[in-house]
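>
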Amino acid sequence: SKYAEAIAQASAKHPQPGKTFQYGTAGFRMKADLLDSVVYRVGLLAALRSRKLNGQTIGVMITASHNPPEDNGVKLVDPMGEMLESSWEAYATKLANAPSEEELVQLYSQLTADLKVKPDTPARVIFARDTRASGPRLVECLVDALNATQVEYTDYKLLTTPQLHYLVRCVNTRGTQYEYGEVSEKGYYEKMAAAFKQAMEHSDKPKGSVSVDCANGVGGPKLRELVKYLPSQKEGGIDIKITNDDVSKAESLNHQCGADYVKTNQRAPPSSSAKPLERCCSLDGDADRVIYYFLDESNTFRLLDGDRIATLAASFIGDLAKQSGLSDKLKIGVVQTAYANGASTKYIEKMKLPVEFTATGVKHLHHAATRFDVGVYFEANGHGTVLFSPNALKAIHTYDPQSPAQATALQTLAALTDLINQTVGDALSDMLLVEVILAHKSFSCAEWLATYTDLPNRLVRVEVKDRNAWKTVAGTAERKLETPREAQEMIDGAVGKYKEGRSFVRASGTEEAVRVYAEASTRGEADDLANNVANLVK
Ligand code: 16G
Ligand code: ZN
11 SKYAEAIAQA
21 SAKHPQPGKT
31 FQYGTAGFRM
41 KADLLDSVVY
51 RVGLLAALRS
61 RKLNGQTIGV
71 MITASHNPPE
81 DNGVKLVDPM
91 GEMLESSWEA
101 YATKLANAPS
111 EEELVQLYSQ
121 LTADLKVKPD
131 TPARVIFARD
141 TRASGPRLVE
151 CLVDALNATQ
161 VEYTDYKLLT
171 TPQLHYLVRC
181 VNTRGTQYEY
191 GEVSEKGYYE
201 KMAAAFKQAM
211 EHSDKPKGSV
221 SVDCANGVGG
231 PKLRELVKYL
241 PSQKEGGIDI
251 KITNDDVSKA
261 ESLNHQCGAD
271 YVKTNQRAPP
281 SSSAKPLERC
291 CSLDGDADRV
301 IYYFLDESNT
311 FRLLDGDRIA
321 TLAASFIGDL
331 AKQSGLSDKL
341 KIGVVQTAYA
351 NGASTKYIEK
361 MKLPVEFTAT
371 GVKHLHHAAT
381 RFDVGVYFEA
391 NGHGTVLFSP
401 NALKAIHTYD
411 PQSPAQATAL
421 QTLAALTDLI
431 NQTVGDALSD
441 MLLVEVILAH
451 KSFSCAEWLA
461 TYTDLPNRLV
471 RVEVKDRNAW
481 KTVAGTAERK
491 LETPREAQEM
501 IDGAVGKYKE
511 GRSFVRASGT
521 EEAVRVYAEA
531 STRGEADDLA
541 NNVANLVK
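Residues in the sequence shown are numbered consecutively from 11, following the working numbering.
#1: Let me make sure I understand the geometry here. Which of Tyr462, Leu240, Ser334 has the alpha-carbon closest to that of Ala353?
#2: CA-CA distance, Asn82 and Tyr303?
#3: Roughly how many angstroms separate the alpha carbons of Tyr176 and Lys207, rounded to a whole number?
#4: In the DSSP assignment, the beta strand (DSSP E) including Ser513 goes from what residue to what residue?
#5: Using DSSP with H/G/I as helix, E/B as strand and the rest coil, what is Ala320?
#6: By the three-class DSSP mapping on this structure, what secondary structure does Leu117 have?
#7: The beta strand (DSSP E) that contains Thr395, what's its start and end?
#8: Does Ile136 come out as helix, strand or coil in the three-state DSSP assignment?
#9: Label Met145 either buried or exposed according to how many other C-beta atoms from any shown protein chain fall within 10 Å of its C-beta, with 16 as the threshold for buried.
#10: The alpha helix (DSSP H) that contains Ala108, what's its start and end?
#11: DSSP state of Asp223, grouped into three classes?
#12: Tell me, please, which residues DSSP counts as bridged to Ile349.
#13: To the nearest whole angstrom, what separates the beta carbons of Pro411 and Ala405, a pair I think is in contact under 8 Å?
#14: Classify His374: buried if its beta carbon has 16 or more other beta carbons within 10 angstroms, exposed otherwise.
#15: Just mark Lys62 as buried or exposed, buried being the case when its beta carbon has 16 or more other beta carbons within 10 Å.
#16: Cα separation between Ser454 and Thr395?
#17: Which ranges does the alpha helix (DSSP H) cover as unbroken runs of at least 4 residues, wholly within the region 164-211, from first to last along the chain?
#18: Shorter than 7 Å, the distance from the beta carbon of His376 to the closest heavy atom of ligand 2, or not?
#19: Would you kindly check if the distance between the Cβ of Leu169 and the Cβ of Ala138 is under 8 Å?
#20: Should the region 319-330 be regarded as contacting the region 291-298, the criterion being three or more beta carbon pairs within less than 8 Å?
#21: By how many angstroms is the C-alpha of Thr520 removed from the C-alpha of Ala36?
#22: Should Arg39 be counted as a contact of ligand 2 given a C-beta to heavy atom distance under 7 Å?
#23: Kindly indicate the opening and closing residues of the alpha helix (DSSP H) around Thr9.
#24: With DSSP run on the structure shown, which of helix, strand or coil describes Thr30?
#25: In angstroms, rounded to a whole number, what distance separates the CA positions of Thr253 and Gly506?
#26: Reducing DSSP to helix, strand and coil, say where Met93 ends up.
#27: For ligand 1, is there any heavy atom lying closer than 7 Å to the beta carbon of His393?
#28: What does a CB cutoff of less than 6 Å around Tyr508 pick up in its chain, not counting 5 residues either side in sequence?
#29: Checking 8 Å against the spacing of the C-beta atoms, do Tyr166 and Tyr199 come in under that value?
#30: Are the CB atoms of Asn351 and Asn478 nearer to each other than 8 Å?
#31: By a C-beta neighbour count over all protein chains shown, 10 Å radius and 16 as the cutoff for buried, is Gln498 buried or exposed?
#32: Do Leu438 and Leu233 have their beta-carbon atoms positioned less than 8 Å apart in this structure?
#33: Quick check on the burial criterion: 16 or more other C-beta atoms within 10 angstroms. Buried or exposed for Asn226?
#34: Please state whether DSSP places Thr408 in a helix, a strand or coil.
#35: Which residues in the same chain have their Cβ closer than 7 Å to the Cβ of Pro27, if we skip the five residues on either side of it in sequence?
#36: Is Thr35 close to ligand 1? I mean its beta-carbon at under 7 Å from any heavy atom of the ligand.
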C-alpha cells in the first residue's frame with residue numbers, strides 16, 4: 011500500500027520489544043523505556059483515524075499523569091476533544107503488538123482496507139507532552155510515524171492534557187457555528203480569563219487565598235501563565251499561591267505531592283506550609299485532576315475531593331437555573347462511580363437531582379453525562395467536568411430574562427459554559443470553577459465541608475496473580491462481582507455486619523492489582539470491613 015515502505019523503514023528504528031501492550035482506560039502507560047514502538051504505532055493510527063474522518067485533526071498526548079517520573083504514556087484525542095472512540099482502542103492494541111515490521115505493515119494495510127480509509131485523504135495531527143524527561147524522545151518516535159504517513163502536524167510542545175483537548179476541539183470547529191475558541195495556548199487562557207471575570211461580576215470578592223500544589227508537573231508553568239490573564243487580587247481576583255512548580259528536577263514530579271498523593275494518603279504534601287483554615291488544592295502531573303483540602307482548627311486534615319466538587323457545582327448550577335427562570339429547561343444530573351462516597355450520593359438525592367453510576371474511567375462518566383442538559387461528572391479522585399448540551403446552551407443563550415435577578419443569574423450561568431472545559435476534566439478550569447462558587451456562596455472550606463458528612467472509607471490495593479479473574483456484573487457499575495464464583499456472597503456477608511457498610515472489589519484498569527473499597531459509619535468499622543474483604547480476595 012501507499013505508505014508501506016516508509017512505515018517499515020521508520021519502524022525498524024523503533025522495534026517492538028517483545029512485550030504485549032494494551033490500550034487501557036487512559037491509553038498506553040508504562041515505564042517510558044518500553045514505549046518507543048508503542049508511540050510510533052499510535053502515530054500510525056492517528057494518521058488512519060484522521061483520514062477516516064476526512065482529515066479532521068486528531069490529538070496525541072504524551073503523558074503518564076500522576077504516575078512516577080520514569081513512566082510515560084500516550085493517548086489519542088478525537089475531533090471534538092473527547093477520548094478516542096472505544097472501538098478504535100482495539101486497533102491501537104493490535105498495532106502495538108505486531109511483532110515485526112512485515113506484520114505491522116500487513117496489519118496497517120489490512121486496517122486501511124477494512125476501515126475503508128482512502129490513503130490520499132489529507133491527515134492532520136496535533137500533539138503535546140508533559141514535563142517528563144522521556145517526552146522529547148517519544149515525540150521523535152511519533153514524528154517518525156507522522157512523516158512516514160505524510161501527516162500535516164503541529165507540535166505544541168509542553169501542554170496540560172486538557173489544553174490539548176481544548177485545541178483539538180478548537181481546530182475542528184474553526185469557522186463553524188460551534189467554534190470553541192482560538193486555536194492557541196493564548197486563546198485557552200484568554201477564554202478562561204474572560205469567562206472567569208464574567209462569572210465573578212455578581213459575586214463577593216474571593217476570601218483568603220488558595221495554595222495550589224502543581225505536583226512539580228506541567229500544571230505549574232501553565233498556571234503561572236494563566237495567572238497573567240486573570241484579574242489581580244486588587245481587581246477582585248483570587249490570591250493564588252503556586253507551590254511545587256519545579257519542573258527542572260525530573261525526579262520530583264508527583265513525588266510526595268500532587269492530587270493522587272493527597273487523595274490516596276488523605277494528607278497534605280509534607281512540603282505544605284499552609285496554616286489551619288487556609289484553602290489548598292493539588293493538581294496531578296498533567297493537570298486534569300484537582301483535589302481541595304485544608305487543616306481545620308484542631309489541625310486535622312480535611313479532604314474536599316471530586317465528590318465535593320460535584321456536589322458544590324450541582325447545587326450552584328441548580329440554584330442559578332432556578333434564579334434565571336430556566337429550571338424547567340435544564341435537566342441537571344450527576345454522574346458518579348462506585349467510589350463516590352455514599353454520603354455525597356445521598357446529598358445529591360436530597361437536592362432532588364438524578365444520580366447515575368458508571369464504571370471507572372472518564373470516558374464512561376463523560377458519555378453518561380451527555381444524556382443530561384447539564385451533566386455534572388466527577389470521579390472521587392478529582393477528575394471531572396460539567397457538560398452543557400446543545401439544548402442547554404441554546405436555552406441559556408436565547409432566554410429573555412424577566413427581571414434583573416434573572417438577568418444576573420443568566421449571565422453567571424452563561425459564563426460557566428465558557429469557564430468549564432467541555433472536552434474533558436481540567437484542573438485549572440475546575441479550580442477556577444470552585445473559586446467562583448465559593449466566592450458566590452461566601453463559603454470557607456469549612457462551610458463547604460459542612461454541607462454533608464462523608465462516611466469514613468478505606469481503599470486497599472491487593473496484588474493478585476491474575477486480576478482478570480475479578481470480573482464485575484455488567485450494568486452494576488462495578489458494584490458486584492460475577493467471578494470468582496463465591497466472592498460476592500462472601501463480600502455481602504462481610505458488609506452485612508456493619509452499619510451503613512458498603513464494599514466492592516474491582517480489577518484495576520491501570521495496574522496488576524485489584525482494589526477493595528469499603529465505607530461504614532465509623533473509621534474503625536470502615537478499616538475493619540476493608541481488611542476483611544481484602545483478606546477474602548488474597
Ligand atoms: C485512569 C482514568 C481515571 C481512573 C483511573 C482508575 C482516565 C483519563 N483516567 O487513570 O479516570 O480513575 O484510571 O485507575 O480515564 P484504576 O483502574 O487503576 O483503579
Ligand atoms: Zn491526569
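All C-beta atoms, glycine included, are put in the ideal place defined by N, C-alpha and C.
If we stick to the structure as given:
#1: To locate residue 353, count along the sequence shown from 1; it is residue 343. The option with the nearest alpha carbon to Ala353 is Tyr462.
#2: By one-based count along the sequence shown, residue 82 stands at place 72. By one-based count along the sequence shown, residue 303 stands at place 293. About 28 Å.
#3: Looking up residue 176 in the sequence shown gives position 166. Looking up residue 207 in the sequence shown gives position 197. Roughly 20 Å separates the two Cα atoms.
#4: Sequence index remark: in the sequence shown, residue 513 carries index 503 (1-based). 512-517 is the span of the beta strand (DSSP E), which, as asked, contains Ser513.
#5: Here residue 320 refers to the residue found at position 310 when the sequence shown is read from its first residue. Looking at Ala320 - three-state DSSP - the assignment turns out to be helix.
#6: On the sequence shown, position 107 is the one that residue 117 refers to. The answer is helix: DSSP assigns Leu117 an H, G or I state.
#7: Residue numbering aside, residue 395 sits at position 385 when the sequence shown is read from its first letter. First-last of the beta strand (DSSP E) with Thr395: 394-398.
#8: Translated into the one-based positions of the sequence shown, residue 136 becomes position 126. Here Ile136 sits in strand by DSSP.
#9: As a first step, residue 145 must be located in the sequence shown, where it is residue number 135. Note that residue 145 corresponds to Gly in the displayed sequence, not to Met. So Gly145 ends up on the buried side.
#10: As a working mapping, residue 108 is identified with position 98 in the sequence shown. Looking at the DSSP string, Ala108 is not in any alpha helix (DSSP H), and its letter there is neither H nor E.
#11: Sequence index remark: in the sequence shown, residue 223 carries index 213 (1-based). Strand, per DSSP.
#12: Locating residue 349 in the sequence shown gives position 339, where the first residue counts as 1. It is Tyr, not Ile, that sits at residue 349 in the sequence shown. Answer by DSSP bridge pairing: none, since Tyr349 is not bridged.
#13: Locating residue 411 in the sequence shown gives position 401, where the first residue counts as 1. Locating residue 405 in the sequence shown gives position 395, where the first residue counts as 1. About 12 Å separates the two Cβ atoms, so there is no contact after all.
#14: Counting from one through the sequence shown, the residue named residue 374 turns up at place 364. Answer is buried; the Cβ neighbour count reaches 16.
#15: Residue numbering aside, residue 62 sits at position 52 when the sequence shown is read from its first letter. Looking at its Cβ environment, which holds 16 or more other Cβ atoms inside 10 Å, Lys62 is buried.
#16: On the sequence shown, residue 454 is found 444 positions in, with the first residue counted as 1. On the sequence shown, residue 395 is found 385 positions in, with the first residue counted as 1. So the alpha carbons of these two residues sit roughly 22 Å apart.
#17: 171-183, 195-210
#18: Stepping through the sequence shown from its first residue, residue 376 is reached at position 366. No, ligand 2 has no heavy atom inside 7 Å of this Cβ.
#19: Locating residue 138 in the sequence shown gives position 128, counting from the first residue. Locating residue 169 in the sequence shown gives position 159, counting from the first residue. Yes.
#20: no
#21: Here residue 36 refers to the residue found at position 26 of the sequence shown. Here residue 520 refers to the residue found at position 510 of the sequence shown. For Ala36 and Thr520, the distance between alpha carbons rounds to 8 Å.
#22: Residue mapping note: residue 39 aligns to position 29 of the sequence shown, counting from 1. It does not: the Cβ of Arg39 is nowhere closer than 7 Å to a heavy atom of ligand 2.
#23: In the structure as shown, the chain starts at 11 and stops at 548, and residue 9 therefore has no counterpart that could be examined.
#24: Reading the sequence shown from its first residue, position 20 is the one you call residue 30. Looking at Thr30 - three-state DSSP - the assignment turns out to be coil, as it is neither helix nor strand.
#25: Translated into positions along the sequence shown, residue 253 becomes position 243. Translated into positions along the sequence shown, residue 506 becomes position 496. Cα-Cα distance, rounded: 44 Å.
#26: If you number the sequence shown from 1, residue 93 lands on position 83. Three-state DSSP puts Met93 in a strand.
#27: Locating residue 393 in the sequence shown gives position 383, counting from the first residue. Yes, since a heavy atom of ligand 1 falls inside the 7 Å radius drawn around the Cβ of His393.
#28: Here residue 508 refers to the residue found at position 498 when the sequence shown is read from its first residue. For Tyr508, where only same-chain residues beyond five positions count, the Cβ hits under 6 Å are Ala530, Glu535, Leu539.
#29: In the sequence shown, the residue the question calls residue 166 occupies position 156. In the sequence shown, the residue the question calls residue 199 occupies position 189. In this structure, Tyr199 does not lie closer than 8 Å to Tyr166 by Cβ.
#30: The residue given as residue 351 occupies position 341 in the sequence shown. The residue given as residue 478 occupies position 468 in the sequence shown. No.
#31: For the purposes of this step, residue 498 is taken as residue 488 along the sequence shown, with counting starting at 1. Gln498 comes out buried.
#32: If you number the sequence shown from 1, residue 233 lands on position 223. If you number the sequence shown from 1, residue 438 lands on position 428. Against a cut-off of 8 Å, the Cβ pair of Leu438 and Leu233 comes out as a contact.
#33: Position 216 of the sequence shown, counted from the first residue, corresponds to residue 226. Buried is the call here.
#34: Here the question's residue 408 lines up with position 398 in the sequence shown. Three-state DSSP puts Thr408 in a helix.
#35: The residue you call residue 27 lines up with position 17 of the sequence shown. Closer than 7 Å at the Cβ level, and outside the excluded window around Pro27, lie Leu44, Ser47.
#36: If you number the sequence shown from 1, residue 35 lands on position 25. It does: the Cβ of Thr35 is within 7 Å (strictly closer) of some heavy atom of ligand 1.
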